[in-house]
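First to last, the protein sequences are chains A and B. Sequential numbering of the first sequence, starting at 1, is according to this note's numbering. Sequential numbering of the second sequence, starting at 1001, is according to this note's numbering. Structure record follows, encoded as C-alpha cells.
Protein chains: 2
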Amino acid sequence: MPMLRQDPLTGEWVIIATERARRPETFAHKKEERKTLPPRVDNCPFCPGNEHLTPPEVLIYRQRNAGKAEKEFPQDNFDWSLRVIPNKFPALEREQGASVAMPSSRCELFQSHPGYGVHEVIIETPRHNRHMADLDENELEMVLRSFQERTVSLAQDEQLRYVQIFRNHRREAGASIEHPHCQLLALPYIPPLLEKEYTRSHDFYLEEGRCLLCSLIEKEEESGERIILQNDSFIAYIPFAASLPFTTWVVPREHYSSLEVSPKGWEKKLAPLLKEFLRRLSDKLEDPPYNFFLHTAPLRTSMLPYYHWHLEIIPKLTIVAGWEMATGTFINVSNPEEAANFLKMPEREKAGILKQ
Amino acid sequence: MPMLRQDPLTGEWVIIATERARRPETFAHKKEERKTLPPRVDNCPFCPGNEHLTPPEVLIYRQRNAGKAEKEFPQDNFDWSLRVIPNKFPALEREQGASVAMPSSRCELFQSHPGYGVHEVIIETPRHNRHMADLDENELEMVLRSFQERTVSLAQDEQLRYVQIFRNHRREAGASIEHPHCQLLALPYIPPLLEKEYTRSHDFYLEEGRCLLCSLIEKEEESGERIILQNDSFIAYIPFAASLPFTTWVVPREHYSSLEVSPKGWEKKLAPLLKEFLRRLSDKLEDPPYNFFLHTAPLRTSMLPYYHWHLEIIPKLTIVAGWEMATGTFINVSNPEEAANFLKMPEREKAGILKQ
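What follows is the structure in C-alpha cells.
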C-alpha cells in the first residue's frame, strides 16, 4: 500500500510510492562515455590564468604556490585556492540608491519590484577536474568557510533579507559551467519554502518549547534506521518524508539558527563528514548529478530558539514532471529507510547486495 | 536591471532575469536524431491489440471501425478511440474500508497516512505516433471530455478531495511510456499550490468583490501584450509572472470554478484553441518537451465565486536545479512579453525574426 508522509518542516505531504518503488541500486546513474577532464582548460573562465575573464573577486583565499601542488598543472604562477566572484550574468543586481522596500503582501494584479540582490559564484578550487567529493578536507573547509564569510559580509546590507547558497553538480543538475563551483543569491525577501519552515518550526516551538529539528535528530538517533553518517558535531540522514530518492539532510547536532551565529570551527567538523557522504554517493550511485543547498535563518537574526540551519542534498535521479509542477509536491519512488541502508553500508558490502 | 514579478495567484515572486535573458528563438529544442514512430508498436501496452496488458478500462469511448480510419494500421478490428485505465503501478491506491480522515495539521515529527487515492492513465488515442498536437479536433474534444467525466465520477468518493490531471510530453518531461497519454491522480488532500491559489483568490474576492482570474484576463485583454491566442470562450496567454520560459495559461472567459460545474460544450471551444497552441509550440520551438496540468476547485464544491479553473502549460526548456529546489521559486530567463510575441506571430513571420 502506498504511503503519505508529512515533512514536519514544511508541512508538505510526500507520496512514498511503494507500488512503483525501485531498489536502491537501480538508481545508479548510467555512465555515458564521460570524458576525463584535464586539470586546466584554456577557455574556462574559472581556471587559473583566466582571472581577467571574470569580474574582480569579492573574496579570495590565497595559498603560496598553489599552482605547484599538482605537477600536471601547466601554470604554476597563481596563488589562490578559492575565489568568490560576482556572477557575470546575475539573476539579481544591486543598484546604488534604489529604494527597495518590498511591496505589501496584499494581492495586486501586476506587482513588480526591482530585482535588487547579489549573485555570486564560489570557485571552489583552481582545478577544473576536482569536484567537491575529491577536494581534500582542508580545501572543503575553505569552501564552507567562504559560505559563512560571504553571508556575514552581505548581512551588512539591510536591504537584503536572505542568502541562498546552492550547488548544481553536473550538467543534468543545472551546472552550465563545468569548473566546480557553488552559487550564492542574496535576496530582498524570504523565499516561500523558508517561510514555511520558519512558520512550522515556530509553531512547534510555541507548543513544545523546543526546536523542531533538535527533536527530530534526537528521534532519528534513537531509531537509527535513516542515519547514513555521523560524527560528534553533525548527522547525515534521509528524512522520514524524503521528497525524492536519496534526499539527505546534514544537520549540526548543536542548535544554531544560522551560519551567522555559528562560532568558527563548525567547518572543520562538517568537511570530513560531507566529503565522506559525497564520496559514498559518487561510489554507490556512479557519480550522480545532484543539487545541494543550505537552509538557514533570515539575515541579521540573532540566535533563534526555534530554527536550526542545515544542508539538503538531492541527487537528480528522476525527472521533475507534470505532477510536481502542478502540485508543488513530490512522489518518491524509493523507500527512505532502504535508501539510507544502502548508503550507510561500506562499499565492499554493496557487491553482496547486487548479487542477491 | 533584473525584475521581480509576483504571481498574483500564488503570491510567489519570480525573478525575471533580464541580464541572462535569451531571445525566444534560442529556446528551440535541439532535435537529436528523432526516430519516426510507427502507428502501432507490438509491445506497447497502450496500443490496440494489447488491451489485455492493462487493467480493464474505467472509461472507454468507442468508435465503430476506429482501426479502419488509418490505412497503415496493421489491426483494423478494434473499436475504441480513447481508454481510461487504472495505472498498473499506482502512486496512490484505494483500499476497501480504509478510514482515511487526514491527520490534523498540527506539527508531528513522524506523521504518515495510508496512500489512499486513485491513479489513472488516459490513453488519448489508439495511435502510438499521434501526439496531442496532431489529434483532430474531435479527438481532442474526447480527451478533454474524459477529464470531466472522470472527475465527476471520482467526486462520488467522499474521501477524495482533489483531482489532479496532468500530461508529460516526451521523455525529457517525464513521460516514461511513449504512447500519448495523460495521467490523473485523485487525492485525499488539497495540494499546497492549490491551497495557495484558493487562499489568495479568496482574499482578493473578499477585498474586491470579484474573481481574481476574471479580473486578470480582463486586464490581459486590455493590454494584449501577453496574449497568444483567443476565441469567444478561451484565452491563452503568458502570465505577467511566468515562472519559466513560455509558461502559458489557458483560461475560460466565463467564470467556472471547476470542470464539475462547467456545462457541457466547453471542450468544443477549448479543443481548437489548444490544438492551435500546441501546434504552434511544436512548430516554433521544435516539438519541445512540456508538462501541462489543470488547476481546478476541490471536489464537490458548487460554483465558487472566487476560484476559476484553468490549464497551465510549461515547456521544459531549462533545468530545475538547486535554486528551485532550495526556494520553491523560479528564475525565468525569458521575457514574458517577448515570448508571447514570438508565439503569437504566424509561422512565416518567424523566418523574418531569425534573420534580423
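Every residue gets a Cβ at the ideal spot worked out from N, C-alpha and C, and that includes glycine. Bear in mind the structure is a predicted one, so any value in this text is a computation, not a measurement.
Item, Value
"Buried or exposed by the 16-neighbour rule on C-beta atoms within 10 Å, applied to Lys-1275 of chain B", "buried"
"Leu-1343 of chain B at chain A interface by Cβ criterion, 8 Å", "no"
"Rounded C-alpha distance that separates Gly-224 of chain A from His-295 of chain A", "23 Å"
"Other residues of its chain near Gly-1352 of chain B: CB distance less than 8 Å, five sequence neighbours each side excluded", "Note that Gly-1352 of chain B has pLDDT 45, beneath the 50 cutoff, so the model's placement of it is unreliable and no number is given."
"Under the three-state DSSP convention, the category Phe-1027 of chain B falls into", "helix"
"Neighbour flag for Tyr-1306 of chain B against chain A, beta carbons, 8 Å", "no"
"Check whether Gln-1164 of chain B and Pro-1188 of chain B have beta carbons under 8 Å apart", "no"
"Listed by chain order, chain C residues near Lys-219 of chain A by CB distance under 9 Å", "In the structure shown, chain C cannot be found, because the protein chains are A and B."
"Three-state secondary structure assigned by DSSP to Lys-350 of chain A", "With a pLDDT of only 49 at Lys-350 of chain A, under the threshold of 50, the placement of this residue in the model should not be trusted, and no figure is reported."
"Short-range partners of chain A found in the segment 1319-1334 of chain B, where Cβ spacing is below 7 Å", "Ile-1319, Val-1320, Ala-1321, Gly-1322, Trp-1323, Met-1325, Ala-1326, Thr-1327, Gly-1328, Thr-1329 and Ile-1331"
"Within chain A, the residues that Met-1174 of chain B reaches when beta carbons sit closer than 9 Å", "It is Gly, not Met, that sits at residue 1174 of chain B in the sequence shown. Residues of chain A passing the Cβ test: Thr-318, Ile-319, Val-320, Ala-321, Gly-322, Trp-323 and Glu-324."
"Opening and closing residue of the alpha helix (DSSP H) in which Glu-1208 of chain B lies", "1192-1208"
"Enclosing beta strand (DSSP E) for Glu-1312 of chain B [first to last residue]", "1310-1315"
"Which listed residue (B:Ser-1257, B:Pro-1039, B:Asn-1050 and B:Asn-1087) has its alpha carbon closest to that of Glu-19 of chain A", "B:Asn-1087"
"CB of Phe-1234 of chain B within 8 Å of CB of Leu-1270 of chain B, strictly", "yes"
"Proximity below 8 Å, CB of Phe-166 of chain A to CB of Gln-148 of chain A", "no"
"The alpha helix (DSSP H) enclosing Asn-1138 of chain B, as first and last residue numbers", "1137-1154"
"Stretch pair the segment 1295-1309 of chain B + the segment 1255-1263 of chain B: three plus CB contacts closer than 8 Å", "yes"
"Sequence-distant residues of its chain with Cβ nearer than 8 Å to Cys-44 of chain A (five each side left out)", "Asn-50, His-128, Ile-177, Glu-178 and His-179"
"Interface flag, Ser-1215 of chain B vs chain A, CB-CB below 8 Å", "yes"
"Residues sharing a beta bridge with Cys-182 of chain A, DSSP", "A:Ile-122"
"Whole-angstrom distance between Ile-1217 of chain B and Tyr-162 of chain A, CA atom to CA atom", "34 Å"
"Gln-1159 of chain B at chain A interface by Cβ criterion, 8 Å", "no"
"Identity of the residues DSSP links to Glu-169 of chain A by a beta bridge", "It should be pointed out that residue 169 of chain A corresponds to His in this sequence rather than to Glu. For His-169 of chain A, which the question treats as bridged, DSSP gives the partners A:Tyr-290."
"Continuous alpha helix (DSSP H) stretch holding Phe-1277 of chain B: start and end", "1266-1285"
"Option in B:Asp-1134, B:Tyr-1061 and B:Asp-1157 with minimal Cα separation from Ile-1122 of chain B", "B:Tyr-1061"
"Spatial distance of Lys-1268 of chain B from Ala-173 of chain A (CA atoms)", "41 Å"
"Three-pair Cβ contact test at 8 Å for the segment 1243-1255 of chain B versus the segment 1333-1342 of chain B", "yes"
"Cβ pair Ser-215 of chain A, Glu-208 of chain A closer than 8 Å", "yes"
"Spatially closest choice to Leu-1037 of chain B from B:Arg-1170, B:Ile-1314 and B:Ser-1334, by CA coordinates", "B:Arg-1170"
"Proximal residues of chain B, C-beta to C-beta of Pro-8 of chain A below 8 Å", "Cys-1107, Glu-1108, Leu-1109, Phe-1110 and Gln-1111"
"Contact set for Thr-1329 of chain B: own chain, Cβ-Cβ below 7 Å, skip 5 residues either direction", "Glu-1012, Trp-1013 and Val-1014"
"7 Å Cβ cut-off: residues of chain B touching Ala-91 of chain A", "Pro-1002, Ile-1015, Ala-1017, Arg-1020 and Ile-1331"
"Neighbour-count burial assignment, Leu-273 of chain A, 16 or more Cβ in a 10 Å radius", "buried"
"Three-state secondary structure (DSSP) of Met-1345 of chain B", "coil"
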